[in-house]
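**Student:**
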Amino acid sequence: MIEDDIKSTQSEARHLDDFSVKQQDLEKPIPKYYGEALLSAARNDSSILALSADLTAPTETDLIRDYLPEQFIMAGIAEANMVGVGAGLARAGFTPFLHSFAVFLTRRSFDQIAMQVAYPKTNVKLIGFMPGIDSLLGVSHQAIDDIALMRALPNMVVLEPASPSDYQDAVKAALAHHGPVYLRLYRANTHCSNSADSPSWEIGKIRRLSNGSDAVIFATGLMVEIALQASQELKKYSINTTVVDCASIKPIDIDGILGEISKSKVVITAENHSIIGGLGSAISEIIATNNIARPFFRVGVQDCFAEGGSRDFLFRKYGLAADDIIKKVKQGLVN
Numbered sequence: 346m347i348e349d350d351i352k353s354t355q356s357e358a359r360h361l362d363d364f365s366v367k368q369q370d371l372e373k374p375i376p377k378y379y380g381e382a383l384l385s386a387a388r389n390d391s392s393i394l395a396l397s398a399d400l401t402a403p404t405e406t407d408l409i410r411d412y413l414p415e416q417f418i419m420a421g422i423a424e425a426n427m428v429g430v431g432a433g434l435a436r437a438g439f440t441p442f443l444h445s446f447a448v449f450l451t452r453r454s455f456d457q458i459a460m461q462v463a464y465p466k467t468n469v470k471l472i473g474f475m476p477g478i479d480s481l482l483g484v485s486h487q488a489i490d491d492i493a494l495m496r497a498l499p500n501m502v503v504l505e506p507a508s509p510s511d512y513q514d515a516v517k518a519a520l521a522h523h524g525p526v527y528l529r530l531y532r533a534n535t536h537c538s539n540s541a542d543s544p545s546w547e548i549g550k551i552r553r554l555s556n557g558s559d560a561v562i563f564a565t566g567l568m569v570e571i572a573l574q575a576s577q578e579l580k581k582y583s584i585n586t587t588v589v590d591c592a593s594i595k596p597i598d599i600d601g602i603l604g605e606i607s608k609s610k611v612v613i614t615a616e617n618h619s620i621i622g623g624l625g626s627a628i629s630e631i632i633a634t635n636n637i638a639r640p641f642f643r644v645g646v647q648d649c650f651a652e653g654g655s656r657d658f659l660f661r662k663y664g665l666a667a668d669d670i671i672k673k674v675k676q677g678l679v680n
């Protein structure tokens, strides 16, 4: 096990400003939802190993490092090598969770993921933090094509939970699946709660979060909450929408999606990712394959790179705000 605390702390400090904390939460520390879920699982399963590409605090693996140091490996700033190490550990019977920012984990080590993880179906879990354009650090840190890359790989499961409150279920689901999993996560900057009547969370299934026959909005990750905001606003115009959480992007729930489309006049997808190759492409493939005629709009990054900035600023500038969903729904109903 390689561990250089001084080097790790200095490197991680460069990235901590990317995760803002609301003023009212300063006196009450925000839980590390993913880190606590992984720590809980690792305490009950000594085969679970957490590997960090020198981004331990931003990926919340500092909890494993501090409480279960024998199950933590510092791989250094070398994502491709980390994937190779993880694949070897999986073949030796361990369950490695590999951590970095999503853009580094998928782009820098794509060939290693394809040849050492996806092709041989090794039991490796890839955990990509800070997805999409949600970054102050600009293009170099923005993963706008990671879903497309991972979704294109045979044998790869691709998951993006809507909220940190879902991370415990996501970790359990990843562990229950014996094979490659890509888990796309963002860190919480406020306290999250899970409704007692929230639908169940599982691989290969959608979750309907609201009901309406005018339009259906298929969303994933950060965009689920924004889709719900848009749905509430549309009620003011007597427009009722169904919001669907597509946390399981691959495998995707074809039957469930077809059922929701059949009850709606307009179809919208919403994702913090390029509209090319992600959830929008997956839904459009289902629509085209089944010869469905519906007004269809993709809300997401429009085949461009983005600058750095706050989440609200970036989402408004690049068309990922609730107002953008509202405009597409109205446009579809008019047409």
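Count the sequence shown with the numbering used here and you get residues 346 to 680, in order.
Ideal placement from N, C-alpha and C gives every residue a C-beta, glycine not left out.
Which parts of the segment 528-584 are runs of the alpha helix (DSSP H), unbroken and 4 residues or longer, counting only runs that do not cross its ends?
**Tutor:** With a minimum length of 4 residues, the continuous alpha helix (DSSP H) runs that stay inside the segment 528-584 are 568-579.
**Student:** Any idea what DSSP makes of K367, helix, strand or coil?
**Tutor:** Low local confidence applies: a pLDDT of 45 at K367 is under 50, so the model's placement there is unreliable, with the coordinate-based value given in what follows. Note: K367 maps to coil in three-state DSSP.
**Student:** Should H536 be listed as close to the ligand SAM, given that the test is whether its C-beta is under 7 Å from any heavy atom?
**Tutor:** For the ligand SAM, the structure offers nothing, since it holds no ligand at all.
**Student:** Taking all protein chains shown into account, decide if F449 is buried (16 or more other Cβ within 10 angstroms of its Cβ) or exposed.
**Tutor:** It is buried - the Cβ of F449 has at least 16 other Cβ atoms within 10 Å.
**Student:** Determine the contact status of T467 and A435, defining contact as a CB-CB distance below 8 Å.
**Tutor:** Yes.
**Student:** By Cβ distance, which residues of its chain are closer than 8 Å to P499, with the 5 residues on each side in sequence left out?
**Tutor:** A463, Y464.
**Student:** Report the partner residues of V462 according to the DSSP bridge assignment.
**Tutor:** Its beta-bridge partners do not exist; DSSP assigns none.
**Student:** Is DSSP giving I418 helix, strand or coil here?
**Tutor:** Reduced to three states, the DSSP call for I418 is strand.
**Student:** Fully enclosed by the segment 467-491, which beta strand (DSSP E) runs are 3 residues long or longer?
**Tutor:** Runs found: 470-474.
**Student:** Looking only at DSSP bridge pairs, what is F339 linked to?
**Tutor:** With the chain covering only 346 through 680, there is no way to say anything about residue 339.
**Student:** Please state whether DSSP places L394 in a helix, a strand or coil.
**Tutor:** Three-state result, L394: strand.
**Student:** Determine whether the beta carbon atoms of G556 and T587 lie at a separation below 8 Å.
**Tutor:** At residue 556 the sequence reads Asn, which differs from the Gly that was named. It is a contact, given that the beta carbons lie within the stated cut-off.
**Student:** Tell me the rounded alpha-carbon separation between A541 and F660.
**Tutor:** With a pLDDT of only 45 at A541, under the threshold of 50, the placement of this residue in the model should not be trusted; the figure read from the coordinates follows. C-alpha separation (whole angstroms): 30 Å.
**Student:** Which value, in whole angstroms, describes the spacing of the CA atoms of I584 and D669?
**Tutor:** The straight-line gap from Cα to Cα measures roughly 15 Å.
**Student:** Use the C-beta contact count for H444: other C-beta atoms within 10 angstroms, 16 or more gives buried, fewer gives exposed.
**Tutor:** It is buried - the Cβ of H444 has at least 16 other Cβ atoms within 10 Å.
**Student:** Which value, in whole angstroms, describes the spacing of the CA atoms of I422 and T451?
**Tutor:** Whole-angstrom Cα-Cα distance: 14 Å.
**Student:** So, helix, strand or coil for T634, using DSSP?
**Tutor:** DSSP places T634 in helix when its eight states are reduced to three.
**Student:** Indicate whether the contact test is met: 3 or more Cβ pairs, each with one atom in the segment 487-505 and one in the segment 616-631, closer than 8 Å.
**Tutor:** Judged by Cβ distances under 8 Å, the segment 487-505 makes contact with the segment 616-631, as three or more pairs qualify.
**Student:** Taking the C-alpha atoms as reference points, what is the distance between I602 and R529?
**Tutor:** Between I602 and R529, the C-alpha separation is close to 21 Å.
**Student:** Is the Cβ of K517 closer than 8 Å to any Cβ of chain B?
**Tutor:** Included in the structure is just one protein chain, with no chain B present.
**Student:** Give the single residue among H486, I375, S508, K673 whose Cα lies nearest to the Cα of A651.
**Tutor:** Here the closest residue by C-alpha is H486.
**Student:** Ends of the alpha helix (DSSP H) at I594?
**Tutor:** Counting along the chain, I594 falls outside any alpha helix (DSSP H), though it belongs to the beta strand (DSSP E) covering 593-595.
**Student:** State buried or exposed for K581, treating a residue as buried only when at least 16 other CB atoms are found within 10 Å of its CB.
**Tutor:** The residue is exposed, with fewer than 16 neighbouring Cβ atoms inside 10 Å.
**Student:** Give the C-beta separation of V502 and K595 to the nearest angstrom, bearing in mind that I take them to be a contact with Cβ-Cβ under 8 Å.
**Tutor:** 6 Å between Cβ atoms; contact.
**Student:** Can you check which of these residues, S607, A627, V646, V644, is closest to A638 by C-alpha distance?
**Tutor:** The candidate whose alpha carbon is nearest that of A638 is S607.
**Student:** Need the endpoints of the beta strand (DSSP E) that S445 sits in, please.
**Tutor:** S445 -> beta strand (DSSP E) spans 440-446.
**Student:** Could you tell me if R388 is buried or exposed, where buried requires 16 or more neighbouring beta carbons within 10 angstroms of its beta carbon?
**Tutor:** Under this definition R388 is an exposed residue.
**Student:** DSSP has V502 in a bridge; who is on the other side?
**Tutor:** DSSP, once it has assigned bridges, lists V526 as partnering V502.
**Student:** Is it true that the segment 627-641 meets the segment 566-578, where meeting means three or more beta-carbon pairs spaced less than 8 Å apart?
**Tutor:** The segment 627-641, when compared against the segment 566-578, does not touch it at the 8 Å Cβ threshold.
**Student:** In three-state terms, what does DSSP make of T451?
**Tutor:** Residue state, collapsed to three classes: helix.
**Student:** Verify whether the separation of the beta carbon atoms of F474 and A447 is less than 8 Å.
**Tutor:** Yes, these two residues count as a Cβ contact at 8 Å.
**Student:** How is S508 classed by DSSP in three states: helix, strand or coil?
**Tutor:** Residue state, collapsed to three classes: coil.
**Student:** Using the three-state DSSP reduction, which class does E357 fall into: helix, strand or coil?
**Tutor:** At E357, the pLDDT of 40 sits below 50, so the modelled position is not reliable; the number obtained from the coordinates is stated separately. In the structure shown, E357 sits in a helix (DSSP, three-state: H, G or I).
**Student:** Near V569, what residues of its chain come up, given a Cβ to Cβ distance below 6 Å and the 5 sequence neighbours on each side ignored?
**Tutor:** A507, D590, listed in sequence order.
**Student:** Going by DSSP, what residues sit across from T586 in a beta bridge?
**Tutor:** Answer is A560.
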